[in-house]
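Peer 1: The structure is given below, and queries will be raised subsequently.
Number of protein chains: 4
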Amino acid sequence: MEKETARIEAFSDGVFAIAITLLILEVKVPGPSADLRLQLLKQWPSFVAFIISFAFIGIMWINHHRLFTHIRRSNNTLMILNLLLLLGVSVVPYPTAVLAQHLGQPDQRTAAILYNGTYVVIAIFFNVLWGYAKHAHLLPREDDHATARKITRQYAVGPISYLICLLLSWLSVPLSLFANFALAMFYALPPHYAVRRTD
Amino acid sequence: MEKETARIEAFSDGVFAIAITLLILEVKVPGPSADLRLQLLKQWPSFVAFIISFAFIGIMWINHHRLFTHIRRSNNTLMILNLLLLLGVSVVPYPTAVLAQHLGQPDQRTAAILYNGTYVVIAIFFNVLWGYAKHAHLLPREDDHATARKITRQYAVGPISYLICLLLSWLSVPLSLFANFALAMFYALPPHYAVRRTD
Amino acid sequence: MEKETARIEAFSDGVFAIAITLLILEVKVPGPSADLRLQLLKQWPSFVAFIISFAFIGIMWINHHRLFTHIRRSNNTLMILNLLLLLGVSVVPYPTAVLAQHLGQPDQRTAAILYNGTYVVIAIFFNVLWGYAKHAHLLPREDDHATARKITRQYAVGPISYLICLLLSWLSVPLSLFANFALAMFYALPPHYAVRRTD
Amino acid sequence: MEKETARIEAFSDGVFAIAITLLILEVKVPGPSADLRLQLLKQWPSFVAFIISFAFIGIMWINHHRLFTHIRRSNNTLMILNLLLLLGVSVVPYPTAVLAQHLGQPDQRTAAILYNGTYVVIAIFFNVLWGYAKHAHLLPREDDHATARKITRQYAVGPISYLICLLLSWLSVPLSLFANFALAMFYALPPHYAVRRTD
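Chains as they are written, first to last, in the numbering used here: chain F, 1 to 199; chain W, 1001 to 1199; chain V, 2001 to 2199; chain U, 3001 to 3199.
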């Protein structure tokens, strides 16, 4: 029951594009009465949360795109697992807004745990999707095993790394966010394998 | 006056992707003043409503995708009927938010009736769309009648099942929501027919 | 400097899909404290405004789709004129929300004028787009002139009809909205010409 | 590690389409209690900000489309640079809303600086994207150098022109906004080169 992946990619692109563009709606607009410059400066937690989340979703999209240059066939389970990943991505504006509201406030630790925790879950879903695609033989035959193993290794680091960010929340919230952002930068790097696609 | 279905699918994908991603906007962000952990826990109705609606729209998209692997030609009536289905899908964030606001409150029955009732209507629209496509001969000739009949049978269960969920709202709101979620899981299962598409 | 219209159509589909799905966000969710059933009933103006606007944007999309089965080439001016049309479409949620807020209130006439007036402008933009495409020879040569003239006649009725809706606002707001909805239904009808596309 | 640009364009189209359609959400709907006509007139700053931003994003999309008729191959760096540009585009609704809230108010200069400053940054990102594509040889070999140089010259004007708008904010806020709008109109003009694409 294999099908083409084109419409899955189109639907996923839509969810990624919407989630990343909705992020700005959570940055509240200062009211017309007060000193604007001061109010804008006070909004730094919103800007920090916005930038980290934008980087995360954007890099996530690049990696999703990368995966699907390898995944060539689709089936029902893949669609469900991809939907789980999209659930995680579409949720991101919520912990982002919670973090923006509480960064620098007494309850910032709880907000950071929620934020980093969301990313742990998304990283796990990402690995499950890739793992399934590999084991269900949805990759083309021409894909050599060395390449697939390299990707597996690169992505397997994800859940553990975000778990470390989560644990860092107890030590220092700013440090955990910095580590989170640094991770996005790491995944922005080109993977050390050549993408070979036949079409 | 038959045309290709590509742009209908693209437009539908857009509406599905936006509706599913807008759901998170209805989960209100706790204000900066109070105990965050407690406030997050108190939001459980929002999370429950979010998850059920996400599952519903996501599975609905998979099934819409499935239908359109069979529907190969389009005409004006099909576009109108598809628009009716999209009307239902785009409405979902509203009953979801109403449910989130009232679950566990005195008026939760009314909210559950509105919620389950919306799904009854969408399930009917879905069957009307498929029924029309079949009777207007928009499926390819190669599609054997046994396959079409199997799909018809699987989807015909929809309106009746969601009607049962609706009736369960009077007995127990949690039970009706659980049944609603179980139904989404049922429709996530692969159909017992092979998808044969010639291109 | 002619180019293909594929990316224009994709971008337009996006704007149409988002505008139509955002409409539901303007239907306010009743607060948790009051009698829900009563509050839902009191929201009838929101539902009326939602339905009319959904029908308008949906039918508008079908007609945009129809136009672009004829428009085969693109240039800079066409992109600008299409952008003007999308400006009109993306604005729709605003007069819809204003109408929803004021229908049945003392100021409903002003709201209806704004609402119908928006549609007059959009209908004009639509005709300008089609008129330009015809005169700039962006239609394929095979398109016979009789077909193009039929389309021209059908769409030329638009601005005048919505102007009549606008004028009806002074006579009776409900009547003007009913006429507006009836117009959407008229444009939902298949045009009385065969679409002949070569690819 | 070059890949096709189709999915980058699709994702970018999504972000552009969503950002441009979200602009209207920032135009606040007048409450049901007061004189509607007066309230609508008082909203002129929202309408002014909306129109300028719509023009900017729309014209930006046309130019992004233009660039990608030249960029034929993609790599990791191009995706990151494109993401930076999309970051700028997706941010636009925020300075637009700030401007709408403060235009005609004591703090309008700060709002205009934020607004024009955002556009300076976006214009820089746009030039960086094009500059990289050119130097990384992502354009097809058939593209003659004269054409590429013409595009470079047209876009290089962008950051400087928006910087002048920014500086005009200190002299006169209305003038700076008028100049900003005039710039969008300038970039709406067709470039003085023929687009030759082989496919």
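Using N, Cα and C, we set each Cβ at its ideal position, and we do this for glycine too.
Just so you know, these numbers come straight off a predicted model, no measurement behind them.
What residues from chain W crowd round F:Leu114, counting only those whose CB sits closer than 9 Å?
Peer 2: Leu1036, Leu1040
Peer 1: Against chain U, with Cβ distances strictly below 9 Å, would V:Leu2083 count as a contact?
Peer 2: yes
Peer 1: For the stretch 1054–1065 of chain W, enumerate the residues whose C-beta is nearer than 7 Å to any C-beta of chain F, in chain order.
Peer 2: Among the residues of the stretch 1054–1065 of chain W, those with a Cβ less than 7 Å away from any Cβ of chain F are Phe1054, Gly1058, Trp1061, Ile1062, His1065, in the order of the chain.
Peer 1: Any Cβ of chain C within less than 9 Å of the Cβ of F:Phe11?
Peer 2: The structure shown contains no chain C; its protein chains are F, W, V and U.
Peer 1: State the DSSP-derived secondary structure class of U:Leu3103, mapped to helix, strand or coil.
Peer 2: Note: U:Leu3103 maps to coil in three-state DSSP.
Peer 1: Which parts of the stretch 3103–3156 of chain U are runs of the alpha helix (DSSP H), unbroken and 4 residues or longer, counting only runs that do not cross its ends?
Peer 2: 3108–3135, all fully within the stretch 3103–3156 of chain U.
Peer 1: What three-state label does DSSP hand V:Gln2039 in the structure shown?
Peer 2: helix
Peer 1: Using a Cβ-Cβ cutoff of less than 6 Å, which residues in the same chain neighbour W:Val1195 once the five nearest sequence positions on both sides are dropped?
Peer 2: No answer about W:Val1195 holds up, because its pLDDT of 39 lies below 50 and its placement is not dependable.
Peer 1: Between which two residues does the alpha helix (DSSP H) holding W:Ser1176 run?
Peer 2: 1173–1188
Peer 1: Just the C-alpha distance for F:Thr110 and F:Gly117, rounded to the nearest angstrom, thanks.
Peer 2: 10 Å
Peer 1: Using a C-beta to C-beta distance shorter than 8 Å, which residues of chain U count as neighbours of F:Leu25?
Peer 2: Leu3022, Leu3025, Pro3093
Peer 1: Rounded to whole angstroms, what is the Cα-Cα separation between V:Val2120 and W:Thr1021?
Peer 2: 32 Å
Peer 1: Return the chain-ordered list of same chain residues with a C-beta closer than 7 Å to the C-beta of U:Ile3059, the five sequence neighbours on each side being excluded.
Peer 2: So the qualifying residues of the chain are Ala3184, Tyr3187, Ala3188.
Peer 1: What residues of chain U sit near V:Leu2166, judged by a beta carbon separation below 7 Å?
Peer 2: Under the 7 Å cutoff, chain U gives no residues; its nearest Cβ is about 15 Å from V:Leu2166.
Peer 1: Taking 9 Å as the cut-off, decide whether the C-beta atoms of F:Ala55 and F:Glu26 are in contact.
Peer 2: no
Peer 1: Please confirm whether F:His137 has its beta-carbon closer than 9 Å to some beta-carbon of chain W.
Peer 2: With 9 Å as the cut-off, F:His137 does not count as an interface residue toward chain W.
Peer 1: Flag this pair as yes or no: are the beta carbons of V:Val2098 and U:Leu3085 separated by less than 9 Å?
Peer 2: no
Peer 1: Buried or exposed: V:Trp2130, going by 16 or more other Cβ atoms within 10 Å of its Cβ?
Peer 2: buried
Peer 1: Answer with yes or no whether the minimum CB distance from V:Lys2003 to chain U is below 9 Å.
Peer 2: A caution first: V:Lys2003 carries a pLDDT of 46, below 50, which makes its placement in the model unreliable, though a value can still be read off. With 9 Å as the cut-off, V:Lys2003 counts as an interface residue toward chain U.
Peer 1: Taking the C-alpha atoms as reference points, what is the distance between F:Gly158 and U:Ile3080?
Peer 2: 19 Å
Peer 1: Would you say the stretch 3005–3014 of chain U touches the stretch 2–19 of chain F, given that touching needs at least three Cβ pairs under 8 Å?
Peer 2: yes
Peer 1: How would you call V:Glu2004, buried or exposed, if buried means at least 16 neighbouring beta carbons within 10 angstroms?
Peer 2: It is exposed - the Cβ of V:Glu2004 has fewer than 16 other Cβ atoms within 10 Å.
Peer 1: Under the assumption that V:Val2173 contacts V:Ala2100 (Cβ atoms under 8 Å), give the Cβ distance between them as a whole number of angstroms.
Peer 2: At roughly 13 Å, the Cβ-Cβ gap does not stay under 8 Å, so V:Val2173 and V:Ala2100 are not in contact.
Peer 1: Going along the chain, which residues of its own chain have a beta-carbon closer than 7 Å to the beta-carbon of V:Ile2124, five neighbours each way excluded?
Peer 2: Pro2159
Peer 1: State buried or exposed for U:Gln3108, treating a residue as buried only when at least 16 other CB atoms are found within 10 Å of its CB.
Peer 2: buried
Peer 1: Checking 9 Å against the spacing of the C-beta atoms, do W:Leu1087 and W:Ser1053 come in under that value?
Peer 2: no
Peer 1: Just the C-alpha distance for W:Trp1044 and W:Asn1075, rounded to the nearest angstrom, thanks.
Peer 2: 44 Å
Peer 1: What residues of chain F sit near U:Ile3018, judged by a beta carbon separation below 7 Å?
Peer 2: Ala17, Ile18, Thr21
Peer 1: Taking 6 Å as the limit between beta carbons, can you name the residues of its chain near V:Leu2138, skipping five residues before and five after?
Peer 2: Ile2071, Arg2073
Peer 1: Cβ of F:Pro30 less than 9 Å from any chain U Cβ?
Peer 2: yes
Peer 1: Any beta carbon of chain W sitting closer than 9 Å to that of F:Val98?
Peer 2: It does; some Cβ of chain W falls within 9 Å.
Peer 1: So V:Phe2181 and V:Tyr2155 are supposed to be a Cβ contact under 8 Å. How far apart are they, rounded?
Peer 2: About 19 Å; that fails the 8 Å criterion.
Peer 1: Taking U:Gly3088 as the query, report the chain V residues whose CB atoms sit under 8 Å from its CB, ordered along the chain.
Peer 2: Neighbours of U:Gly3088 on chain V: none; closest Cβ ~18 Å, over 8 Å.
Peer 1: Of all the CB atoms in chain V, is at least one closer than 9 Å to the CB of U:Gly3014?
Peer 2: Using a CB distance cut-off of 9 Å, U:Gly3014 counts as an interface residue toward chain V.
Peer 1: On a CA-only basis, which of W:Ile1008, W:Tyr1115, W:Arg1149, W:Ala1136 is nearest W:Ser1169? Give me that one, please.
Peer 2: W:Tyr1115
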